[in-house]
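> Okay, handing you the structure first.
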Amino acid sequence: MNRMWKIFVKGLVAENPLLMLMIGLCSSVAVTSSVSNGIGMGLAMTFVIVFAEFVISLFRKLIPSDARIPIFIIVIAAFTTMVDLSMQAYFPALSKSMGVFIPLIVVNCIIMGRVEAFASKEKPLDAVVDALGMGLGYTWVLIGIATLRELLGNGSLMGARIMPESFQPILFFTLPPGGFMVFALFISLNLWLKRKMAANAVVAKEAA
Amino acid sequence: MKKDILRLGIALALFAAGACAALAVVYTVTEPTIAGLEREQLKASLQDLFPDADSFDAIEGGLESSVPGVTVTGAWKAGRGDATLGVAIKASASSYGGDAVMLVGVSTDRRIAGARVMTLSDTPGLGANAVNPAYFVDKTAKKTFPGQFAGKLINDAFEVKNDVVAISASTITSKALTSIVKEAGLVGSAWLEGNASGGTR
Amino acid sequence: MNVILITLGFSAALAFILGAALGFFKEKFKVERDPKIDQVRDALPGVNCGGCGYPGCDGYAEAVAKGDAPVTKCAPGGKAVADALGGLMGVNASSEDTVAVLLCHGTKDVAPVKGEYVGVKTCRAAKLSSGGTKLCPYGCLGYGDCVSVCQFDALNMGEDGLPHVDYEKCTGCGMCIKECPQQILSSVPRARKGSVVLCSNRAVVKATVMKSCKVGCIKCEACVRACPEQCITMVNGVPVTDYSKCTSCGICVQKCPTKCYKLVQADVFGDEIVSGDTTD
Amino acid sequence: MSTKTFKGGAHPPERKDRSASSPIEVLRNVTQVVIPVNQHFGAPIQPLVKVGDQVKRGQKIADADGRMTVPLHASVYGTVKKIEPRMQANNLEGLAIVIEPLPGDEAVFMPTLDPFSCSREEALARVREAGIIGVGGAGFPAHVKFAPPPNKPIEYVIANAAECEPFLTIDERVMEESPEDFIDGIAIVMRITGATKGVVGLEDNKIHLVPILEKAIGQKASGLDIVVQLLRTKYPQGGEKMLITAVTGREVPSGGLPMDVACVVSNVGTLKAVSEAFRKGKPVIDTGLTVTGGACETPKNLFVPVGMLVQDLFPDVVRYDEKKLRRLVMGGPMMGPAVPSMQVPIQKNTSGVLLMDAAEAKVYEEGPCIRCGRCMRACSCRLSPALLNVALKAGDLDEAERIGALDCIECGTCSFVCPSHIQLVQRFRIGKQLVRAKKQKEAQRAGK
Amino acid sequence: MPANNLLLSSSPHVYTGVTPQKLMLSVIIALTPVSVYGVVLYGLPALLAIVVSIATAVASEAAFRAVTKQDVRIGDLSAVVTGLLVALISPPSIPLWMVAMGSFAAIVLAKEFFGGLGANPFNPALIGRAILLMSFPAAMTTWHVPFQGISDATTGATPLNIVKMGGTIADVGQGFVANGLATASDYGSTLWTLFVGNRGGCIGESSILLILVGFVFLLAIRAISFITPVAMVGTAFVASWALGMDPVYGALSGGILFGAVFMATDYSSSPVTPLGKAIFGAGAGLVTVIIRRFGGYPEGVTYGILMMNAVAPFMDKLRVKKYGFVAPAKPAAKEAAK
Amino acid sequence: MNLAKIFISALLIDNIVLMRFLALCPFIGMSIDVSKSVGMGLAVTFVTVIATVVTWPLYTFVLLPLNLTFLKILVFILVIASLVQLVEFYLKKNVPGLYASMGIYLPLITTNCAILAVTFDNISKGFNLIESVVYAVGVALGFMLSLVLLAGVRDRLKTAPIPKFLQGTPILFASTSLLAVAFMGFSGLIK
Ligand SMILES: Cc1cc2nc3c(=O)[nH]c(=O)nc-3n(C[C@H](O)[C@H](O)[C@H](O)COP(=O)(O)O)c2cc1C
Ligand SMILES: Cc1cc2nc3c(=O)[nH]c(=O)nc-3n(C[C@H](O)[C@H](O)[C@H](O)COP(=O)(O)O)c2cc1C
Ligand SMILES: Cc1cc2nc3c(=O)[nH]c(=O)nc-3n(C[C@H](O)[C@H](O)[C@H](O)COP(=O)(O)O)c2cc1C
Ligand SMILES: Cc1cc2nc3c(=O)[nH]c(=O)nc-3n(C[C@H](O)[C@H](O)[C@H](O)CO)c2cc1C
Ligand code: SF4
Ligand code: SF4
Ligand code: SF4
Ligand code: SF4
Ligand code: FES
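In structure tokens, the structure reads:
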């Protein structure tokens, strides 16, 4: 259990795909102008990574290494298309507002990276846990960024106005420059968190 | 080398076949819903413009915008029984942040039956207020920007800031949308004149 | 059902063609290159994300194989890949494990400065413009050029105005030794027994030394005479120990009137250097 | 007469008035001299005397073979007391010969030599034997400078009479008091180098010297084409590159020497020494300097024996206020090194001793570069100091070299004008070292 | 305890008395006439905007540097300049909290994030303005008629806006007369009114005359080089003419002159080399005109300068030939080798 | 829409990186210096054009008639990935000069969202083949432009005393933010 837990949590901060590894960045700025988009994207992504890791881990012994990249692509693309179609069918508004970014999950480096580095070598269950950790690590960052951006840029959360009437939305936050700036601050926050955790670990070690 | 080719080819083909089979299944399930959604959305908009109509027939050809900036992309005849109530024109023009698409209803009495903005990618808080149902250009009458066109005569002047209330600080958006409405009105009424002169009214 | 069949046929055919083409071209366009690159390449995740700052995994693999790039740059691969690459590239296991030792103990309060230095605050600048800032022209200038080049955070400028080496962190890379304009950092075997003189003052005259530093080597040669193994000789005016003969008896440490000797003891080196405390 | 100049530069306050009118005092009586053996730019030389030897004034006491060497002479009659490393004016330790004077004055000079009838080789040998080095700058051996390779003919001999450093007035006094020697020196160097034109480059703050010099030219060198050229008073007008450009319009190519544009530039003091070496057979054993500065109560121009310690000037020759003294500079305030004590010898190329008070030697903290571009405007070599500084900070030595690190003449104009008081030149000196080391390494690698 | 009280230092040992603080002070002095005139035109609101903006700028800088444990150096006055400029390029009716936000963004996001004085690649005040403009486009494009106070009744379009929206220069002139800002509406007197500055616009940009006074002052004390402003206004002049706009009118209206004199010359965000300055100015002028002519805004100075800020690092490579420059004789050498 | 408008809008107004947040990974990774930026930019241009030329007909003449449009994600990415691989093999072997300057960046591109996004855009914007190619070039050059500009700014960051908590990637994104501010000036340039 402990081992599983470790696989799971590393995706949240220490090896957070967005903030530490700096891959799969595009969607993090693009879809985070509103919280609902952030959640939608996060879940879509989590779905794809979980199933892709699972399937590939399951078949890992059958995949010839020379053709592994195309095969990974096929698997990921299939799940991405499924998400895309389902969203179009059941969440048309969300699907519309995220536009091309759902299909682009297919080239999200996080998925390829984890599939290659983890799923193709480990057991299916571990792969799923790893995928969940990565997916949630990705999702919390999206939601965090989106919360700040929607709150300040639109005065609302999930589309519901929550700032007082007198608050004038600061459009900067919903526009591209604001997205980049907030993202910059999140990375720096995460670095700080990580440093803090490392420092705590040292203190703990010394105490022990 | 031959063996390699075959091996890779088959492996890839197998995976692709598997993946696509799964996909095809999902597709067959979702496809009707997606297609249905689009149709329903259009229908709802049309119905919204002509609440009394019971049939909408697509009109093929013969509808051309005469001003360069505006393009007509579709038209539907709204009918109730045999009677023609009016036409709905889908038209687009370039606005601040890209193309804007509107659906404009023209009734047989040469009035704008109503106007709806289908697509608009202008700035939130500015141009995008055109699609904000809570943004009123006339606060007392609670009229939205597209809402103000309902009932307007085609031959009226459509001068932004004089006859048409502009969205504040968004003259460009206002002008673009207004030009669509005006042109759609002209095109629609011309068609009505040619094809439905014997309307019920 | 129709859709499913078409889909299957189409995609299987497409994939087969592509797969076959891949197999074909792979052979056909094979380029000879250093097998090491391929080894490294295989250890990488192959994500081609460019996060390493090299053009793709291949580019990075090449740089690593040539030794131009550190092994820790692959973000998707994380630590596991870094370790794997480290293993592949092999750590230089042959060289002896050394650490840097500062051959000067002229702290602020015992080695006076010539005047107030107001130039660029680096050792090199002070040396170049004013021949150093201390009365002793050979001692540590204390502006920490060495500290700033240490990649391992093993050097810290102490309150006493001298850099202190953290022997646990020091990897013996020698960067600081190269950087020091006074050339008073010296590479000392971590595990070797022996003694070092913590002074580099080459002035031949006792009076000159005494004027410039209270703890400088005054060339009395008491250590040379006292050493039972006769392993100390004066080189350029500074006593130097021959480690191969030294038994770490500590007599030189006791005899030195200015206490410039430190005993380098194999067993305690990692934790501390015993500095003349045999007499304290 | 038109005034010429170069592009760039700056105007530090001159402050020459305090010593400009005081006649040169010649000093003989000293208690000891500490003569650094290697005062020239080039290969080191070795002492020819031992501790305990008695030496006569003018006697050769150190020498070596080799082209880039010049001999050294005793500046007093006395006993060699010590030969040991001593602090020199450049803040580094170097071998020095310490001599304690004996009563009386026994001197040995060389026989006189007519520079215009002897052979060129004889003349060059005399220049070397007299221990003449450039006293206006780095101490370059004069006999080397006067003998460029045959494919580099010399057209101009330019006497560097700019004295652009603030405070210093010794060149001015020398020209005023012995213009004939100075002009004679130009004529001799023209003879040795085969130059056809002689030019005295004079900053226009010394315009009153023009008639004196022209009279001397008429008397001493009437047949020769020697003119006095007025130059705008601006620092560093006396830098040889700037001087050449102002006088001839030519630019010394990057990495090149004045001889590449057919010029030889020599300082007033150097030229006077040349004249004396021939006419009196006298080697360089005295040096002229200005002692001045805010902490100096009696500013003076002096001739003192080479090797005299600065501390021996006080209080008998010059008086200063110890409380006011904050910075002791050997040379001018723009280029001279600050030294930490008075136990520093006056060398052949020491042109001044500055006793700066707190107001003059105000200390500023370095600030961040605000990119004001003042340094770029001021740089006499049209370099880009602000960018060079950035390149060095980034450790980009290739870029530093491209920007012209090695072309920097270390004049200090950029540091002088920088509002953020960034120690640009000091960094550039280090940068030049690093760039040279890098080039050397590359050359080595290429050679392999 | 030094052996004596002599200073050890590297030459040179003397300095000019110029400091960053004095340079910034000179810019403040050069901005004083336009600031005072802005207050004359719009009264108390303009004054308050200026005061609040400066106070916020200085306070943000001090706070940021204190919090990040760096030396607080508000004494160099650069934050005052930035704060003052943010206010001067804002409309007179700007709410005070808004101008404060602009100053904050300018100082924190654009300046201190990048290392403070001299290290910022983008012009802080313009970043502040651009962020305000994109955040509050309505408030940032509400203009007022001079001398009539700030109220809903006195809003009026600025000269550039009138022309952007299809009006003519004659319309502008008539507007001046209608508002009592000019006595005649012919072309000449319209231009004269623009030159003197009796027109709506940002607080500090109206009076070309006073801007020129500041320009001459800055030139005289050699705080700025003439190259950038001249290149910028000159290029804009030529480009507007080429694109069929009235170049004189273009130069006198909008913020181009203010921008060219006070903002394109910002040390840290513009090139240091002369050639770089020329291209920088020309580029800024060109982009300004392109935006004026084709863009979504009536005025493009902000973006013209910011765009060139982005390119400025490359212009530092355009150095003057150094003294004694000799072209490397590589090709010849290679041929010889062959 | 005329071609110039398509081009300008892809290059500046809807700049793929600064306004549409695509291709961020190589943007941050490869903007280290100008030469890398240009190499990467050229490679992207090359691949987007090829991808466009291949996927557009594939979609128009195969997927659309067969009613297989839902396979477009899978098919496009597969085709692009294989194509890039083949081109790389080819260049490496046959045109080593070009490979050294540009080809080495090719593998990076398979997973670059920009390429795929362009091929999708071509379809969703209803471009014909020529418009698609112009659009592809515009996007790719826009990518190169933003890369080069960031490389310039990064040059200045090297020696700037950036507060510790922002050093590294955060300041890169902050710089990108301000670059995007500057690019906002182009919005509305074409109406
Ligand atoms: C960030 C930003 C976004 C803008 N978005 C729009 C827009 O969506 N629609 C529009 O018509 N004008 C937009 N504008 C343009 C300005 O508001 C412009 O001044 C306005 O069109 C002028 O019209 P006015 O006369 O109503 O002020 C925008 C300006 C900015 C700075
Ligand atoms: C910045 C600078 C300023 C100089 N100023 C003078 C000067 O004022 N007078 C002078 O004689 N030499 C000056 N020099 C030295 C000259 O460049 C040159 O070395 C000297 O005139 C050559 O003559 P010499 O060999 O007789 O010393 C200066 C050098 C530099 C780099
Ligand atoms: C330096 C400076 C830069 C400016 N940049 C812009 C800009 O980029 N966009 C803008 O709409 N207004 C900008 N303004 C404000 C305009 O100059 C002006 O106030 C407004 O657009 C109307 O111009 P008008 O007074 O000439 O009609 C700027 C003002 C200044 C002083
Ligand atoms: C001539 C001159 C122009 C300046 N222009 C600006 C400016 O446009 N915007 C600004 O924020 N600061 C300006 N400053 C102030 C200062 O340079 C600015 O805060 C720096 O950009 C901070 O690094 C200016 C300063 C000077 C001397
Ligand atoms: S050891 Fe050397 S480099 Fe380090 S502080 Fe001392 S003098 Fe400087
Ligand atoms: S630089 Fe190298 S040798 Fe010196 S202290 Fe650091 S790790 Fe040790
Ligand atoms: S010291 Fe060098 S860089 Fe500075 S002004 Fe003089 S020549 Fe130029
Ligand atoms: S003078 Fe100083 S502050 Fe100005 S640009 Fe040069 S180095 Fe920077
Ligand atoms: S390039 Fe877009 S996610 Fe990596």
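So the sequences go chain by chain: A, B, C, D, E and F.
Each residue of the first sequence is one higher than the one before, counting from 0 in numbering that gives the first Met the number 0.
Each residue of the second sequence is one higher than the one before, counting from 0 in numbering that gives the first Met the number 0.
Each residue of the third sequence is one higher than the one before, counting from 0 in numbering that gives the first Met the number 0.
Each residue of the fourth sequence is one higher than the one before, counting from 0 in numbering that gives the first Met the number 0.
Each residue of the fifth sequence is one higher than the one before, counting from 0 in numbering that gives the first Met the number 0.
Each residue of the sixth sequence is one higher than the one before, counting from 0 in numbering that gives the first Met the number 0.
Note that the Cβ used here is the ideal one computed from N, Cα and C, for glycine as well.
Fair warning: this is a prediction, and the values are worked out from it, not measured in the lab.
(1) Relative to the C-alpha of residue 207 of chain C, which candidate in D:55, D:286, D:85 has its C-alpha closest?
(2) For residue 93 of chain F, count neighbouring Cβ atoms within 10 angstroms of its own Cβ and tell me buried if that reaches 16, exposed if not.
(3) Determine contact between the stretch 334-344 of chain D and the stretch 2-13 of chain E, defined as no fewer than three beta-carbon pairs at a distance below 8 Å.
(4) Could you spell out the range, first to last residue, of the beta strand (DSSP E) harbouring residue 325 of chain D?
(5) Please list the residues of the stretch 0-23 of chain B that have a C-beta atom closer than 8 Å to any C-beta atom in chain A, keeping them in chain order.
(6) With a threshold of 8 Å on Cβ separation, who are the neighbours of residue 310 of chain E within its own chain once the five nearest residues in sequence on each side are excluded?
(7) Count Cβ pairs between the stretch 24-43 of chain E and the stretch 188-201 of chain D that sit closer than 8 Å; are there 3 or more?
(8) Only counting runs of 4 or more residues, tell me where the alpha helix (DSSP H) segments fall wholly within the stretch 251-311 of chain E, in order along the chain.
(9) Please classify residue 193 of chain F as buried or exposed, where buried requires at least 16 other C-beta atoms within 10 Å of its C-beta.
(10) Taking residue 74 of chain F as the query, report the chain C residues whose CB atoms sit under 8 Å from its CB, ordered along the chain.
(11) Is there a Cβ from chain A that is less than 8 Å from the Cβ of residue 164 of chain E?
(12) Let me make sure I understand the geometry here. Which of C:21, C:103, C:10, C:179 has the alpha-carbon closest to that of residue 5 of chain B?
(13) Would you say the beta carbon of residue 93 of chain E is closer than 7 Å to some non-hydrogen atom of ligand 8?
(14) Residue 185 of chain E: buried (16+ other C-beta within 10 angstroms of its C-beta) or exposed?
(15) What does the alpha-carbon distance come out to for the pair residue 184 of chain D and residue 19 of chain D?
(16) Just the chain E side, please: which residues come within less than 9 Å of residue 240 of chain D by C-beta, in chain order?
(17) With distances taken from CA atoms, which of D:72, D:224, D:263 is nearest residue 151 of chain D?
(18) Using a C-beta to C-beta distance shorter than 9 Å, which residues of chain F count as neighbours of residue 7 of chain C?
(19) Assign residue 163 of chain A to buried or exposed, taking buried as 16 or more other Cβ atoms, counted over all protein chains shown, within 10 Å of its Cβ.
(20) For residue 122 of chain E, is the beta carbon positioned less than 7 Å from some heavy atom of ligand 4?
(21) Where residue 226 of chain D and residue 213 of chain D are concerned, what is the direct C-alpha to C-alpha distance, given to the nearest angstrom?
(22) For residue 108 of chain B, does the three-state DSSP call read helix, strand or coil?
(23) For a quick check, are the C-beta atoms of residue 80 of chain C and residue 43 of chain C less than 8 Å apart?
(24) Using a beta-carbon distance cut-off of less than 7 Å, what residues from the stretch 86-99 of chain E approach chain F?
(25) Within the 8 Å Cβ cut-off, does residue 332 of chain E reach chain F?
(26) Residue ranges of each beta strand (DSSP E) run of no fewer than 3 residues wholly in the stretch 291-365 of chain D, ordered along the chain?
(27) If we call anything under 8 Å between Cβ atoms a contact, is residue 274 of chain E one with residue 121 of chain E?
(28) What is the rounded straight-line gap between the Cα of residue 125 of chain A and the Cα of residue 7 of chain B?
(29) Can you look up residue 38 of chain D in the DSSP assignment and give me helix, strand or coil?
(30) In the structure shown, what three-state DSSP assignment does residue 135 of chain B receive?
In this structure, then:
(1) Counted from its first residue, the third sequence places residue 207 of chain C at position 208. If we check each option's Cα against that of residue 207 of chain C, D:85 comes out closest.
(2) Within the sixth sequence, residue 93 of chain F is the residue found at index 94, counting from 1. Residue 93 of chain F comes out exposed.
(3) Using a Cβ-Cβ distance cut-off of 8 Å, the stretch 334-344 of chain D and the stretch 2-13 of chain E are in contact, since at least three pairs of beta carbons, one from each stretch, lie closer than that value.
(4) As a first step, residue 325 of chain D is located in the fourth sequence; it is residue number 326 there, counting from the start. Annotation: the continuous beta strand (DSSP E) that includes residue 325 of chain D extends over 324-329.
(5) Residues of the stretch 0-23 of chain B whose Cβ lies closer than 8 Å to any Cβ of chain A, in chain order: 3, 6, 7, 10, 11, 14, 15, 18, 19, 21, 22.
(6) Start at 1 with the first residue of the fifth sequence, and residue 310 of chain E comes out as number 311. For residue 310 of chain E, the CB contacts under 8 Å within the same chain, skipping 5 residues up- and downstream, are 279, 282 in chain order.
(7) By the Cβ test, the stretch 24-43 of chain E is not in contact with the stretch 188-201 of chain D, since fewer than three Cβ pairs between them sit closer than 8 Å.
(8) Here the runs fully enclosed are 273-293.
(9) With chain F represented from 0 up to 190, any question about residue 193 of chain F goes unanswered, as that position is not in the structure.
(10) Indexing the sixth sequence from 1 puts residue 74 of chain F at position 75. Proximity of chain C to residue 74 of chain F at the Cβ level (cut-off 8 Å) is accounted for by 10, 13, in chain order.
(11) Taking the first residue of the fifth sequence as 1, we reach residue 164 of chain E at position 165. With 8 Å as the cut-off, residue 164 of chain E does not count as an interface residue toward chain A.
(12) As a working mapping, residue 5 of chain B is identified with position 6 in the second sequence. Comparing Cα positions, the closest option is C:21.
(13) Numbered from 1 along the fifth sequence, position 94 holds the residue referred to as residue 93 of chain E. The answer is no for residue 93 of chain E.
(14) Residue mapping note: residue 185 of chain E aligns to position 186 of the fifth sequence, counting from 1. It is exposed - the Cβ of residue 185 of chain E has fewer than 16 other Cβ atoms within 10 Å.
(15) Here the question's residue 184 of chain D lines up with position 185 in the fourth sequence. Here the question's residue 19 of chain D lines up with position 20 in the fourth sequence. Straight across, the Cα-Cα distance linking residue 184 of chain D with residue 19 of chain D is about 23 Å.
(16) Here residue 240 of chain D corresponds to residue number 241 of the fourth sequence, with the count starting at 1. Per Cβ cutoff of 9 Å: 322, 323.
(17) Within the fourth sequence, numbered from 1, the residue matching residue 151 of chain D stands at position 152. Of the candidates D:72, D:224, D:263, the one whose C-alpha sits nearest the C-alpha of residue 151 of chain D is D:263.
(18) What you label residue 7 of chain C is simply residue 8 of the third sequence in a count that begins at 1. Scanning chain F for C-beta atoms nearer than 9 Å to the C-beta of residue 7 of chain C yields nothing, as the closest lies near 11 Å away.
(19) The residue you call residue 163 of chain A lines up with position 164 of the first sequence. Exposed, because fewer than 16 other Cβ atoms sit within 10 Å of the Cβ of residue 163 of chain A.
(20) Mapped onto the fifth sequence, residue 122 of chain E falls at position 123. Checking the Cβ of residue 122 of chain E against ligand 4 gives yes.
(21) Within the fourth sequence, the letter at position 227 stands for residue 226 of chain D. Within the fourth sequence, the letter at position 214 stands for residue 213 of chain D. For residue 226 of chain D and residue 213 of chain D, the distance between alpha carbons rounds to 8 Å.
(22) For the purposes of this step, residue 108 of chain B is taken as the residue at position 109 of the second sequence. It is coil, neither helix nor strand.
(23) Translated into the one-based positions of the third sequence, residue 80 of chain C becomes position 81. Translated into the one-based positions of the third sequence, residue 43 of chain C becomes position 44. One thing to note: residue 80 of chain C has its Cβ within 8 Å of the Cβ of residue 43 of chain C.
(24) Of all residues in the stretch 86-99 of chain E, none has a Cβ within less than 7 Å of some Cβ in chain F.
(25) Position 333 of the fifth sequence, counting from 1, holds the residue named residue 332 of chain E. At residue 332 of chain E the pLDDT is 47, less than 50, meaning the model places this residue with poor confidence and gives no usable figure here.
(26) Annotation: the stretch 291-365 of chain D contains the following complete segments of the beta strand (DSSP E) (minimum length 3 residues), in chain order: 299-304, 324-329, 351-356.
(27) Here residue 274 of chain E refers to the residue found at position 275 of the fifth sequence. Here residue 121 of chain E refers to the residue found at position 122 of the fifth sequence. It is not a contact, given that the beta carbons lie outside the stated cut-off.
(28) Taking the first sequence and counting its residues from 1, one reaches residue 125 of chain A at position 126. Taking the second sequence and counting its residues from 1, one reaches residue 7 of chain B at position 8. One C-alpha to the other measures close to 28 Å.
(29) If you number the fourth sequence from 1, residue 38 of chain D lands on position 39. Coil.
(30) Against the second sequence, residue 135 of chain B aligns to sequence position 136. Correct three-state label for residue 135 of chain B: strand.
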